[in-house]
Amino acid sequence: NADLRGNLETQIANVADELAYTTHDLDDGLRSGMITPHMLDGIALWEILRETYKWRGPILDDIERHRMIRQLVGIMVTDMIEATDRRLRDSKAKSAIDVQKLKQNVIGYSEEMQRRNRELKDFLYKNLYRHYRVTRMQVKAERLISDIFNLYCSEPMMLPDTTQVNIEKRGLERTICDYIAGMTDRYAIEEHQRLFNPLEKP
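The sequence shown begins at 27 in the working numbering and counts up by one.
As structure tokens, then:
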């Protein structure tokens with residue numbers, strides 16, 4: 027039904043995925059050195075985290091970083107649970123279908139946490155996602171996947187036999203997309219080498 031919102035499981039999955047990406051990216055940025063603790067000064071969630079963890083800096087070692095990221099996840103999850111509970115009670119919904127008929131999702135952060143989360147995501151966008159090293163990696167990854175996809179499209183016989191059997195049922199492009207989607211980063215890089223490097227064994 028087009029008028030129904032996603033069920034609770036879907037809403038939870040969407041928020042959980044977004045939370046995982048944000049905290050993982052912050053962790054990656056700090057670990058790689060593309061983000062330093064000093065750069066985060068003034069970011070509300072970081073200030074709350076520093077105060078909660080009693081971190082005074084200036085050096086953030088691996089153990090402290092791991093614990094603080096875990097603490098951040100805890101803070102955000104707690105807010106989400108409390109805000110969701112309030113929305114559910116206020117909605118007067120009596121069933122799962124009632125929840126799906128509401129005008130907005132019930133699973134989510136409080137308004138204050140939404141602002142803080144947006145501030146952190148904006149920071150990550152400006153300081154991590156637009157970083158030249160990340161951009162280079164993204165461009166290389168897109169080129170690699172595009173190369174593999176285009177070669178398989180023009181030479182389907184280069185696909186493994188177990189994958190080729192799906193072409194008639196699913197179609198060539200869908201079969202190739204599914205096959206590439208199942209690759210790990212390392213496997214995709216190795217496959218690109220096998221397909222395009224004449225010195226590599228097929």
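We treat Cβ as the ideally placed atom computed from N, Cα and C, and that holds for glycine.
Bear in mind that the values here come from a model prediction, so they are computed numbers and not experimental data.
Going straight from the alpha carbon of Y178 to that of E199, what length do you get? 9 Å
*asked:* One question on the structure: do R82 and D53 come within less than 8 Å of each other, judged by their Cβ atoms?
replied: no
| field | Per-residue DSSP class, three states only, for G100 | value | Here G100 sits in helix by DSSP.
Q. In this structure, does DSSP put P63 in helix, strand or coil?
A. helix
Presumed contact (8 Å Cβ cut-off) between I61 and I101, rounded CB distance: That pair is no contact at about 19 Å.
- Message: Quick check: what's the CA-CA separation for T48 versus T78?
- Response: 19 Å
**Prompt:** L154 and G59: beta carbons closer than 8 Å?
**Reply:** no
Determine the DSSP secondary structure at L225, reduced to helix, strand or coil.
coil
Check your understanding: Taking the Cβ atom as the reference point for each residue, do V41 and I107 lie within a distance shorter than 8 Å?
Key -> no
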